[in-house]
Structures are given as C-alpha cells and as structure tokens.
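Undergrad: One structure, pasted below without further comment.
In our numbering, the protein residues as written are 19 to 191.
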C-alpha cells in the first residue's frame with residue numbers, strides 16, 4: 019500500500035462515463051458490481067464485453083454479481099503510467115477471477131505489496147475517481163481487497179452490501 023493510500027485513500031485518475039459504460043457506473047455508485055451475461059448460452063462475461071466469445075452473440079444482458087473472487091495474479095506498479103498516478107505509486111494492479119467466472123483487472127487496496135498470494139480470497143470495494151482531497155467529481159470504481167484484511171481499503175471505500183465500517187472485512191450479502 020502506498021503512503022498515499024494510508025493517508026487519504028487511493029488515487030485514481032478522473033474517470034468519465036460514456037453510453038456503453040453508464041449502467042456499469044450507475045451500479046458501482048450503488049455499491050454493486052455489474053457484469054454481462056450472454057442471453058443465448060448464459061456465459062457470465064466481463065463488464066466491457068460486447069459479444070459472447072463462445073457463440074459470437076451480441077445479445078447480452080447485465081447482471082449484478084457477488085463481488086467475491088480469487089486473486090489470480092498481480093503486479094506492483096512502481097512507475098506511474100500517467101502523471102495523475104504519481105502520488106499513488108507503488109500500487110497493486112490485480113487480476114481477479116470473480117466467483118461467477120469472469121476475470122477483471124483492478125486495483126488491490128489495503129495490502130502491502132509483499133503480502134498478496136495467488137489464490138487469496140478478495141472482495142470488491144468501491145472508491146470515487148478523481149483527487150481524494152476534492153469532492154468526488156468522477157465515477158465510482160470497483161477495487162478489490164483481501165478478505166483476510168479487516169478494514170482494508172480507503173476511508174471512502176464501500177463494500178458490495180453498503181458502507182464499510184472501521185475493522186470490518188468480509189461482505190455478508
């Protein structure tokens with residue numbers, strides 16, 4: 019976890035919605051993780067998916083998932099890819115396999131860079147994009163935290179089932 023995470027919460031560039039991402043960001047603002055599902059074969063797919071990789075159908079609907087998953091892999095980012103991320107380094111970029119199947123790339127918060135282990139249980143949290151010291155101006159983003167790390171995440175982070183209080187860990191929804 020960077021010193022910035024510990025002091026004021028994780029830093030995320032300002033994120034803006036477009037027509038294709040509106041439902042995803044609306045759900046995130048409600049503390050829900052939204053993914054897509056193929057109406058033909060029922061495959062559960064990542065949120066950004068536009069067609070089913072199995073059957074090629076663009077007939078997808080959106081479903082709320084548990085937000086629980088498994089840490090597949092991660093990388094500690096030491097050099098910011100954007101100027102707005104300089105205050106955040108080092109941070110952990112994680113590959114998470116959701117309990118429902120899709121794999122998502124997201125930030126892992128509340129964990130020391132030496133601490134994550136492949137196969138660890140994680141759960142979603144939600145944080146606003148934009149400067150943490152300013153009122154939220156961007157969209158709410160999903161991040162993940164280790165289940166075994168009570169009270170993880172930024173002060174502004176919320177669990178999938180509501181606000182996260184101090185010392186609280188696993189979601190119970």
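Just so it is clear, CB atoms sit at the ideal spot from N, CA and C, and this is done for glycine as well.
With DSSP collapsed to three states, give me the class of residue 103.
TA: Residue state, collapsed to three classes: helix.
Undergrad: Taking the alpha helix (DSSP H) that residue 43 falls in, what are its first and last residues?
TA: Where residue 43 is concerned, the enclosing alpha helix (DSSP H) stretches over 40-47.
Undergrad: Taking Cβ to Cβ, would you say residue 91 is nearer than 8 Å to residue 136?
TA: In this structure, residue 136 lies closer than 8 Å to residue 91 by Cβ.
Undergrad: When you compare each of 82, 144 and 53 to residue 69 by their alpha carbons, which one comes out closest?
TA: With distances taken between Cα atoms, residue 69 lies closest to 53.
Undergrad: Assign residue 118 to one of three DSSP states: helix, strand, or coil.
TA: Here residue 118 sits in coil by DSSP.
Undergrad: Just to confirm, are residue 46 and residue 118 a CB contact at a threshold of 8 Å?
TA: No, the pair does not count as a contact, with Cβ atoms beyond the cut-off.
Undergrad: How is the beta strand (DSSP E) around residue 35 delimited, first residue to last?
TA: Looking at the DSSP string, residue 35 is not in any beta strand (DSSP E), and its letter there is neither H nor E.
Undergrad: Can you give the Cα-Cα distance for residue 131 and residue 110, rounded to whole angstroms?
TA: Cα to Cα, the separation comes out at about 7 Å.
Undergrad: Shortest alpha-carbon distance to residue 144 belongs to which of 62, 43 and 34?
TA: Comparing Cα positions, the closest option is 43.
Undergrad: Who are the near neighbours of residue 121 in its chain, counting only those whose CB is closer than 8 Å to its CB and skipping five residues on each side?
TA: Within the same chain, residue 121 has close Cβ partners 64, 90, 113, 114 and 115.
Undergrad: Identify every residue that forms a DSSP beta bridge with residue 56.
TA: DSSP output for residue 56 lists 78 as bridge partner(s).
Undergrad: Name the residue from 125, 148, 165 and 67 whose alpha carbon lies nearest to the alpha carbon of residue 80.
TA: Nearest C-alpha to residue 80: 67.
Undergrad: Could you check whether the Cβ of residue 115 sits closer than 7 Å to any heavy atom belonging to the ligand GDP?
TA: The ligand content of the structure shown is nil, which means the ligand GDP is not present either.
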